[in-house]
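Q: Numbering of the sequence shown is given in my numbering, commencing with residue 1 and proceeding in unit increments. We treat Cβ as the ideally placed atom computed from N, Cα and C, and that holds for glycine. Note that the coordinates shown come from a computational prediction; the quantities given were computed from them, not determined experimentally. Supplied in structure tokens, the structure appears directly below.
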Amino acid sequence: MMRAAEYLTLRVAGLFAVAALVGCGGEPPQADLDAAQAALAAAEAAEAEKYAGSDLSAAQKAFADAKTAFDAEAEKMLFKDWESVVPQIADAKSKADMARSSAEAAKAAAMAAAESAIADASMVIQGVRASLEAAPAGKGTEGDIEQLRADLDAADADLSAARAAVSSEDFEMATSKAGSAKMAAEAVSEGVDAAVARYHQLVEERTPWYERGMGG
Numbered sequence: 001m002m003r004a005a006e007y008l009t010l011r012v013a014g015l016f017a018v019a020a021l022v023g024c025g026g027e028p029p030q031a032d033l034d035a036a037q038a039a040l041a042a043a044e045a046a047e048a049e050k051y052a053g054s055d056l057s058a059a060q061k062a063f064a065d066a067k068t069a070f071d072a073e074a075e076k077m078l079f080k081d082w083e084s085v086v087p088q089i090a091d092a093k094s095k096a097d098m099a100r101s102s103a104e105a106a107k108a109a110a111m112a113a114a115e116s117a118i119a120d121a122s123m124v125i126q127g128v129r130a131s132l133e134a135a136p137a138g139k140g141t142e143g144d145i146e147q148l149r150a151d152l153d154a155a156d157a158d159l160s161a162a163r164a165a166v167s168s169e170d171f172e173m174a175t176s177k178a179g180s181a182k183m184a185a186e187a188v189s190e191g192v193d194a195a196v197a198r199y200h201q202l203v204e205e206r207t208p209w210y211e212r213g214m215g216g
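Below you can see the structure in the form of structure tokens.
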């Protein structure tokens, strides 16, 4: 009987010891921590550092705090309080999801802005090229017209660079190049107007006085 009683006492004591080691906080929320870490990785993959830097920083700090709290509870031998860690992990995941969402939205907006700038510049260049091809050229304006063609070709090159930048997802560069192309094309347009005016002035100057104003 004594041995049976001693065994039963040891058995109960062992169960209490196991319960004490486990504590009263339940199972460690490892899956939740892993999900938060995965969400943070997704935010970083979505280029949150570039498009949503403040949101990413908040998510990184929240995850670091949650991981520190998790590790602190894991190191305890007694009375692990996992319930206090769960909200921190949830907050970290929520902030990471927000960083990813913000980055995706900002990236989409940057892409749309770049494509809009390219379309705008392309329309201006096409219009200016048509005006340039229709511009009269004669003695005294040939050099101006040729220079304007070279300037417009340079604007076209900037536009091509803008399209290439979109393909490589460098939307800031694409918008900048498209803006440069548009400005250059507008300058060419002003040059075309000046060249046309100069052409008509020269024609007028070379027309005998008795033929001027006859509409021919």
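What three-state label does DSSP hand F63 in the structure shown?
A: Looking at F63 - three-state DSSP - the assignment turns out to be helix.
Q: With 16 as the cutoff for other CB atoms within 10 Å, does T68 come out buried or exposed?
A: T68 comes out exposed.
Q: Could you compute how far the alpha carbon of G179 sits from the alpha carbon of A155?
A: So the two alpha carbons sit approximately 10 Å from each other.
Q: DSSP on F217, reduced to helix/strand/coil?
A: Residue 217 lies beyond the range of the chain shown here (1 to 216); nothing can be said about it.
Q: So is E83 buried or exposed if we call it buried at 16+ other beta carbons inside 10 Å?
A: By the neighbour-count rule (16 or more Cβ atoms within 10 Å), E83 is not buried but exposed.
Q: Compare the beta carbon distance of A192 and S94 with 7 Å and say whether it is the shorter of the two.
A: Going by the sequence as given, residue 192 is Val instead of Ala. Against a cut-off of 7 Å, the Cβ pair of S94 and V192 comes out as no contact.
Q: Measure the alpha-carbon distance for G26 versus A66 and round it to whole angstroms.
A: Approximately 17 Å, taken between the alpha carbons.
Q: Since K182 and A121 should fall inside the 8 Å C-beta cutoff, what is the C-beta to C-beta distance between them, to a whole number of angstroms?
A: Sure, about 4 Å apart at Cβ, within 8 Å.
Q: From this set, E142, A108 and V86, which residue's C-alpha is nearest A52's C-alpha?
A: Comparing Cα positions, the closest option is A108.
Q: Under a three-way DSSP split, which group does K95 fall into?
A: Helix.
Q: Beta-carbon within less than 7 Å of A106's beta-carbon, same chain only, minus the 5 sequence neighbours each way: which residues are those?
A: If we look at A106 and ignore the five residues flanking it on each side, its Cβ neighbours are Y51 and A52.
Q: So, for L21: in the same chain, excluding its five sequence neighbours on each side, which residues have a beta-carbon less than 6 Å away from its beta-carbon?
A: Because L21 carries a pLDDT of 45, less than 50, the predicted location of this residue cannot be relied on, and the following value inherits that uncertainty. Excluding positions up to five away in sequence, the list is empty.
Q: Measuring straight from C-alpha to C-alpha, what distance separates Q30 and A72?
A: Between Q30 and A72, the C-alpha separation is close to 13 Å.
Q: Below 8 Å on the Cβ atoms is my guess for D55 versus S102; work out the distance and round it to an integer in Å.
A: D55 to S102, Cβ: 5 Å. Contact.
Q: Distance check for T141 and A42, CA to CA, integer angstroms please.
A: For A42 and T141, the distance between alpha carbons rounds to 60 Å.
Q: Can you tell me which of the three DSSP states F168 falls into?
A: This sequence places Ser at residue 168; Phe is not what is there. Reduced to three states, the DSSP call for S168 is coil.
Q: Mapping the DSSP letters down to three states, classify L132 as helix, strand or coil.
A: Here L132 sits in helix by DSSP.
Q: Output the boundary residues of the alpha helix (DSSP H) element that contains D81.
A: First-last for D81: undefined, no H or E at that position.
Q: Please state whether DSSP places V86 in a helix, a strand or coil.
A: If DSSP states are grouped into helix, strand and coil, V86 belongs with the helices.
Q: Could you check what DSSP says for A35 in three-state terms: helix, strand or coil?
A: Here A35 sits in helix by DSSP.
Q: Suppose contacts are defined by Cβ-Cβ distances below 7 Å. Is A46 in contact with R100 by that definition?
A: Contact: yes.
Q: Here's a check: name, in chain order, each residue in its chain whose Cβ is nearer than 6 Å to the Cβ of M98, leaving out the five neighbours to either side.
A: If we look at M98 and ignore the five residues flanking it on each side, its Cβ neighbours are D55.
Q: Between A185 and I125, which are expected to be in contact by the criterion C-beta below 8 Å, what is the C-beta distance as a whole number of angstroms?
A: Indeed they touch by this definition, with Cβ atoms about 5 Å apart.
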